[in-house]
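Asks: Numbering (the numbering used here), first residue to last: 2 to 296. All residues carry an ideal CB built from backbone N, CA and C; glycine is no exception. The structure is given below, and queries will be raised subsequently.
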Amino acid sequence: MNPPENLAERFEEHRPRLKAVAYRMLGSLTEAEDAVQEAWLRLSGSDGRRIDNLGGWLTTVVGRVCLDLLRTRKRRGEEPLEDRLPDPVIGREDRADPEHHALVADSVGLALLVVLDSLNPAERLAFVLHDMFGLSFEEIAPIVDRTPQAARKLASRARLRVRGATPPPDPDRSGQRRVVDAFLAAARGGDFDGLVALLDPEVTLRADGGALTGGLRTIRGAAAVAGQLDTFRRMATAAATHPALVNGAAGLVNTMDGRPFSVMGFTVSGGRIAAIDILSDPARLAGLDLASVEG
């Protein structure tokens, strides 16, 4: 028996929010889409007329699906979350994209997602659903099999780890772009001092080349990051660079011979670069929709 047509329409109204929840929970666009699809399958197999609060019901289902995925991944020891960068959300600076905005609203940059990846699954769910989407602890408690008080403690522990771990990005996107452009100019010119001047003293560089480079590499401190100048210069001179939004902030998509070479996300805070996140894993780049940016 097919679900009523209006049920499908109502589900589609909630899809952007559900995918945003799943993306914050999983850091994977493909898995986020799978979690949303699973929610639809469960809804279509139920009597939607008996659901008073469809949005809350669907958010709870997506939360449970994501929690199960995180726990399964952790139990199997498959690709630990902290050993890879989350999937970047790519968009154009000159074109409004409602889906892009929904996915990365509230400054959900790659740097924040990296911190969320360090939380245990229950902490992550409590923090995401309460702090980012406003669910009550009474609604969260049954998902994590805890009391509301215990769910509150989960979110509190997560909040302490998130707070201060990533500096808030500057809200002025044109200012962000000026800093990123200056970074490119310093890289192309081999200007070490100019590069250091653009970096926050506590800057963090994360680079994920996948199997080609042995996974995620992390470098901290302005001097150490600026020490990668030769690598930055090769990238800036050999690749075609395309300005893009990476998780809502000024970033770059780099191509060689028309094929994606890397995606660079920047966290600009206080006029300096506080974090650089580089995804250059060919397998994962191939799964991203970069056509609109490259065009």
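Report all residues from its chain with a CB closer than 7 angstroms to the CB of P149; omit the five preceding and five following residues, and keep chain order.
Replies: Here the set comprises F138, E139, A142.
Asks: Could you check how far apart the C-beta atoms of M257 and A284 are, in whole angstroms? I think they sit under 8 angstroms.
Replies: Incorrect: roughly 16 angstroms between the Cβ atoms, too far for contact.
Asks: Which word fits G252, buried or exposed, when buried means at least 16 other C-beta atoms lie within 10 angstroms of its C-beta?
Replies: Result: buried.
Asks: For G92, does the count of other Cβ atoms within 10 angstroms reach 16, so buried, or fall short, so exposed?
Replies: Burial call: buried.
Asks: Using alpha carbons as the reference points, say which of R207, L230, D194, A152 lies closest to A219.
Replies: For clarity, residue 219 is Thr in the given sequence; the question names Ala instead. Considering only alpha carbons, the answer is R207.
Asks: Are the beta-carbon atoms of F134 and A159 separated by less than 8 angstroms?
Replies: Contact flag unset, no.
Asks: Report the option in T268, A123, V254 whose CA atom is closest to the CA atom of F262.
Replies: Closest by alpha carbon: V254.
Asks: Less than 8 angstroms between the CB atoms is what I'm expecting for L246 and A223, so what's the real figure, rounded?
Replies: In fact, because the Cβ distance is near 25 angstroms, the residues do not count as touching under 8 angstroms.
Asks: Give the straight-line distance between the Cα atoms of W41 and I144, rounded to the nearest whole angstrom.
Replies: About 18 angstroms.
Asks: With which residues is G252 paired in a DSSP beta bridge?
Replies: Looking at the DSSP assignment, G252 forms a beta bridge with A245, G266.
Asks: Is the Cβ-Cβ distance between V109 and N248 less than 8 angstroms?
Replies: The answer is yes: Cβ separation under 8 angstroms.
Asks: Mind checking whether M26 and R164 have CB atoms under 8 angstroms apart?
Replies: No. Outside cutoff.
Asks: What residue does the alpha helix (DSSP H) around A239 start on, and which one ends it?
Replies: Its alpha helix (DSSP H) spans residues 230–239.
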